[in-house]
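Before any comments, here is the structure.
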Amino acid sequence: MSKHRAPRYVRTKKALARVPVATGATVVGLGVLTSPAQASTTHDWTGVAACESGGDWSINTGNGYFGGLQFSQSTWAAFGGTAFAPRADLATPAQQVETAEKVLAGQGVGAWPTCGKRLTDGTTPAALASTPAPAPEQPAAEQPAPAQPAAETAETAETYGRHAAGGGDYTVRRGDTVAKIAAAHGERWRELYQRNLDVIGSNPNRILPGQVLEVAGDEQVAPAPAPASAPAPAPESGTVGNSAPAPQAATAPAPEAAPAPVAAAAPVAAPATAVAKITNSAGAVKPQAQAAADAVVSNVPGAAGITIGGTRASAVDPHGHPSGLALDYMVADAGLGDAIAQYQIEHWDELGVEYVIWQQRILTSPTGSWKAMEDRGSATANHFDHVHVNYRAA
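Taking my numbering, the leading residue of the sequence shown gets 4, the next gets one more, and so forth.
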């Protein structure tokens, strides 16, 4: 079922209009609830969080929305959330629920246009669990001594950031994707996904921190940089950015350069192994658009079964759909849309991307920032159910 979320910055404008703010003043309503757990006694937000974020109350995927209930930063601040934490993903579930109750009172359940229907009466177990009960006082003689921090060993320093649990297992960390983990372990994402289907579930674009996946081999880590005094290896003929070989040491030949591991290589679009089916109504798309679509359905988990819209006579940009240089990747899940958009960014030059539109935002450079677009009135017009990509003319 399609997940069409209404433009969240529109909600933010409404929120700012309704919440009185004065310099040095506290947002009205912060003192109404005396404890974080009280916010959860009115409604159970578990279903909303499951719909918005897969139930991950600490999620921050970089899409501009944070925490289990996917607050925008401006909405989080407008309704007093920054009194708890700078961002929603840094707050406890109880604090997120308390802030959500204020948004609900100010804007109604429409603030979560798709997932709000899952809001029920009752309490939110995750919020209650994040409000620890005070520990009973103990006599001074019985109080445990404070734990001493373990000294960092050479082994922990070397393996930090690899997240490997050993024995062919890998523990998912925030920011990981199936494709990224598979590439780091020298295998294809489909193989990794099929092997861990019972852990990941039906959506390969939604993995959660803490899940343990079975991988094919050890993670490939970039080697430590060579000492500054070591002579640099001679670049190979034709290396980008080098017009002539580096000078050789007079006393000894330069050492042979070792092949870089997969994880350290610059991102390059993986070769397409599938042909994307594109729906056209005004002739075929340009070859570069077809090639880009082939790469997407071959390398983005879950993209092989989506509908892709190609040429049509009517479009805002005449150099887009009418000319065969634009594609609409229709998605039923925001996570898949994020993955497709991210693939375009990571392989911008290889795919010949000109700009990307997704969730009422436009990106015109892989190193730039997303810019909000005007409200066009519907989820489709605002690109909440598809990723629009324009490719450069050859």
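Glycine included, each C-beta is placed from N, C-alpha and C at the ideal position.
Query                                                                                                                                                               : Result
Just to confirm the assignment, what range does the alpha helix (DSSP H) spanning Thr102 have?                                                                      : Pro96 to Gln110
Apart from the five residues just before and just after Thr95, which ones in its own chain have a Cβ nearer than 6 Å to its Cβ?                                     : Ser133
Can you name, in chain order, every residue of its own chain whose Cβ lies under 6 Å from the Cβ of Val359, other than the five neighbours on each side?            : Ala344, Gln347, Leu366 and Val392
Does Val299 pass the burial test, meaning 16 or more other C-beta atoms within 10 Å, or should it be called exposed?                                                : buried
With distances taken from CA atoms, which of Gly178, Glu190, Pro207 and Asp201 is nearest Val218?                                                                   : Glu190
Just mark Asn302 as buried or exposed, buried being the case when its beta carbon has 16 or more other beta carbons within 10 Å.                                    : buried
Please report how far the alpha carbon of Gly380 lies from the alpha carbon of Asp388, in whole angstroms.                                                          : 13 Å
For the beta strand (DSSP E) holding Glu357, just list the boundary residues, first then last.                                                                      : Val356 to Trp361
Looking at C-alpha atoms only, which residue of Gly204, Trp361, Ser205 and Val181 is the closest neighbour of Glu194?                                               : Val181
Jot down the residue ranges of each uninterrupted alpha helix (DSSP H) in the stretch 305–362, minimum 4 residues, whole runs only, in chain order.                 : 337–349 and 351–354
Roughly how many whole angstroms lie between the Cα atoms of Gly84 and Ala130?                                                                                      : 15 Å
Going straight from the alpha carbon of Ala397 to that of His188, what length do you get?                                                                           : 35 Å
Please list, in chain order, all residues of the same chain as Arg395 whose beta carbon is under 7 Å from its beta carbon, the five residues on each side excluded. : Gly355 and Glu357
Count the other CB atoms, across all protein chains shown, that sit within 10 Å of the CB of Thr310; report buried if there are 16 or more and exposed otherwise.   : exposed
Let me know if Ala52 comes out buried or exposed under the rule of 16 or more other beta-carbons within 10 Å of its beta-carbon.                                    : buried
Per DSSP, which residues does Lys374 bridge with? Please list them.                                                                                                 : Ile365
Can you grab the Cα-Cα spacing for the pair Pro321 / Gly327, in whole Å?                                                                                            : 10 Å
Between Thr127 and Asp47, how many whole angstroms is the CB-CB distance? I'm expecting something under 8 Å.                                                        : 5 Å
Can you say whether Gln197 is buried or exposed, counting buried as having 16 or more other CB atoms within 10 angstroms of its CB?                                 : exposed
Grab the span of the alpha helix (DSSP H) containing Asn302 for me, first residue to last.                                                                          : Pro290 to Asn302
By a C-beta neighbour count over all protein chains shown, 10 Å radius and 16 as the cutoff for buried, is Pro207 buried or exposed?                                : buried
Under three-state DSSP, which class holds Asp179?                                                                                                                   : coil
If you measure between the beta carbons of Ala277 and Pro304, is that distance less than 8 Å?                                                                       : no
Asn208: beta carbon under 7 Å from a heavy atom of the ligand MN?                                                                                                   : Ligands displayed in this structure: none; no statement on the ligand MN is therefore possible.
May I ask you to report which of helix, strand or coil DSSP gives Glu217?                                                                                           : strand
By DSSP, does Ile184 sit in helix, in strand, or in coil?                                                                                                           : helix
Determine the DSSP secondary structure at Val278, reduced to helix, strand or coil.                                                                                 : coil
Span of the alpha helix (DSSP H) holding Thr78?                                                                                                                     : Gln76 to Ala81
Taking the beta carbon of Ala287 as the centre, do at least 16 other beta carbons fall within 10 Å, making it buried, or is it exposed?                             : exposed
May I ask you to report which of helix, strand or coil DSSP gives Asp172?                                                                                           : strand
Per DSSP, which residues does Val390 bridge with? Please list them.                                                                                                 : Tyr332
What does the Cβ neighbour count give for Thr370, buried or exposed, with the cut at 16 atoms within 10 Å?                                                          : exposed
Check Asp201 in the structure and name its three-state DSSP category.                                                                                               : helix
What span of residues does the alpha helix (DSSP H) with Leu131 cover, start to end?                                                                                : Pro128 to Ala132
So, at 6 Å on beta carbons, what are the nonlocal neighbours of Met333 in its own chain, with the 5 sequence-adjacent residues on each side left out?               : Ile309, Thr310 and His389
Could you have a look at Asp92 and say whether DSSP puts it in helix, strand or coil?                                                                               : helix
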